[in-house]
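Residue numbers (UniProt numbering): 1 to 492.
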């Protein structure tokens, strides 16, 4: 759409059009194929066939990868024992996804980042692994495993399995969801996690409907989508991320202005994610999926599978708060599949799994390796410093303002390689800021850099990791020093 001067490719427009058709179809699905009017079998068939049609419309024959990935893992589920099938399915699903991502990036077209077919495969991978872990928890541990909210007590049929993975509401942009939540939606039975809440609400007279209308929530989310899209189309070209590594910009712009521009450039990249994820949530809600019980005042909640909370993201005062409200369903998946089950270094393992799941671009790995260090540093900083600012509202306000600014800059610093994708631009962005901290922290390593001992791609990555480690250690030691020399004596 270059003649309209819009920063959208044909594939992206194709994706949006298909999602809008899915939204209209979702309304019809809820009205004419409601569980009270038809059987779960019909709902499964229609949802699956429409999902395949939308996938073929958007991605052509590349959509066959969705069937291959789902078919391979279903065969593993049938042929292997419950004790190990979750591990095998994780390896096969993630391996097949990685194979497709690597071939797409390095064989066909490096940099083709718009509406590629591996995006839906990422969501299908989440669903496959979530289901197998839920089955493992339900059949092996008889609901004693705390890692699964809704353990599954039976194997799904082939139709149920493909409907869960490839239904038209979530085939293009997700979000992922629990298998039991999806089956409860198809069959029209209240999900166990809010069944008691509904019963109590009726008893207290707060609400009468068991099937509330999602129309108001859908309209609200569509308004959010429209606003996000307008913001993205109007400002994304004003603050290109690539300018952060432009030599002329760095040479002629004061440091404080560079920091402000870094924040603005990353701020303007987020509305496209707000648009895609909120639209996907609205589609599911329009079909009747996503109801999560009622609030204390009796208002229906439609956030069961919501993927973000925009206000909490933009005003996050900690790295964890930002991550907890960004791509929520993926965070839940990583927590259930990896973080709660990994016996050693769960934080590092979770970030590495997230990098592998996202794709083959080097920038992804740089982002998540940086995320490990920033997470640990932020955790130590919050643990050691925050308690001393909770004594009065004014001190708490000062702390919140400072930590908001620090969190936003830390997020920008971490995520820039995710947007730049390649090693060269990412290293160009990281090099000045990292080397400054590293030179202050370890003069001996500085001499090694200057003498050329760290030339080469492997040593460059080693240098990057060590510089991040130095930054974290510097923050932790500084916090500890302040606490011991100033805060602790005053408390005593």
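No residue lacks a Cβ here, since even glycine has one placed at the ideal position from N, Cα and C.
Going by CA-CA distance only, name the one from 268, 272, 409 and 79 that's closest to residue 225. Selection 268, 272, 409 and 79 evaluated against residue 225 yields 272 as nearest (Cα-Cα).
Report the three-state DSSP secondary structure of residue 240 (helix, strand or coil). In the three-state reduction of the DSSP assignment, residue 240 falls in the coil class, being assigned neither a helical nor a strand state.
Exposure of residue 283, with buried meaning 16 or more beta-carbon neighbours within 10 Å: Its Cβ being crowded by 16 or more others within 10 Å, residue 283 is buried.
Status (buried if at least 16 other CB within 10 Å, exposed otherwise) for residue 332: Around the beta carbon of residue 332, 16 or more other beta carbons sit within 10 angstroms, so the residue counts as buried.
Backbone secondary structure at residue 300 - three-state DSSP: If DSSP states are grouped into helix, strand and coil, residue 300 belongs with the strands.
Short check: CB of residue 318 to CB of residue 407, under 8 Å? Their beta carbons are under 8 Å apart, which means residue 318 touches residue 407 by this criterion.
Are the stretch 157-166 and the stretch 360-380 touching by the rule of at least three beta carbon pairs closer than 8 Å? Segments in contact, no.
Using 8 Å for Cβ pairs, my map puts residue 135 next to residue 70. What's the rounded Cβ distance? Residue 135 to residue 70, Cβ: 15 Å. No contact.
Where residue 52 and residue 241 are concerned, what is the direct C-alpha to C-alpha distance, given to the nearest angstrom? Between residue 52 and residue 241, the C-alpha separation is close to 36 Å.
Using CA atoms only, rank isn't needed, just tell me which of 21, 235 and 215 is closest to residue 265. Measuring from the Cα of residue 265, the nearest candidate turns out to be 235.
Return the residue from the list 18, 72, 170 and 102 that minimises the CA-CA distance to residue 356. Checked all of 18, 72, 170 and 102; the closest Cα to residue 356 is 102.
Give me the residue from 430, 431, 421 and 244 with the minimum Cα distance to residue 106. Distance check between residue 106 and each of 430, 431, 421 and 244 places 421 closest, using alpha-carbon atoms only.
Span separating the alpha-carbon of residue 182 from that of residue 260: C-alpha separation (whole angstroms): 43 Å.
For residue 287, which residues in the same chain have their Cβ closer than 6 Å to its Cβ, ignoring the five residues on either side in sequence? If we look at residue 287 and ignore the five residues flanking it on each side, its Cβ neighbours are 26, 29, 30 and 169.
Judging by CA-CA distance, which residue of 277, 364, 400 and 116 is the nearest neighbour of residue 175? Minimum Cα distance to residue 175 is reached at 277.
Those runs of the alpha helix (DSSP H) which lie wholly inside the stretch 6-67 and span at least 4 residues: The qualifying runs are 10-32 and 40-59.
To which residues does DSSP link residue 256 through a beta bridge? Within the DSSP bridge table, the entry for residue 256 names no partner.
Cβ shell of residue 374 (< 7 Å), same chain only, five flanking positions each side left out: So the qualifying residues of the chain are 319, 410 and 414.
Could you tell me the distance, in whole angstroms, from the CA atom of residue 310 to the CA atom of residue 304? A direct Cα-Cα distance of roughly 16 Å separates residue 310 from residue 304.
Would you call residue 61 buried or exposed, if buried means 16 or more other Cβ atoms sit within 10 Å of its Cβ? Exposed: under 16 other Cβ atoms inside 10 Å.
How far does the alpha helix (DSSP H) with residue 167 in it extend, from its first residue to its last? Unbroken run through residue 167: none, as it is neither H nor E.
Just to confirm, is the Cβ distance from residue 120 to residue 186 under 8 Å? Their beta carbons are not under 8 Å apart, which means residue 120 does not touch residue 186 by this criterion.
Tell me which same chain residues have a C-beta within less than 8 Å of the C-beta of residue 132, skipping the five on either side of it? So the list reads 73, 77, 85, 86, 89 and 90, once near-sequence residues are dropped.
Alpha-carbon to alpha-carbon, residue 118 and residue 372: If I take the Cα positions, the gap works out to 25 Å.
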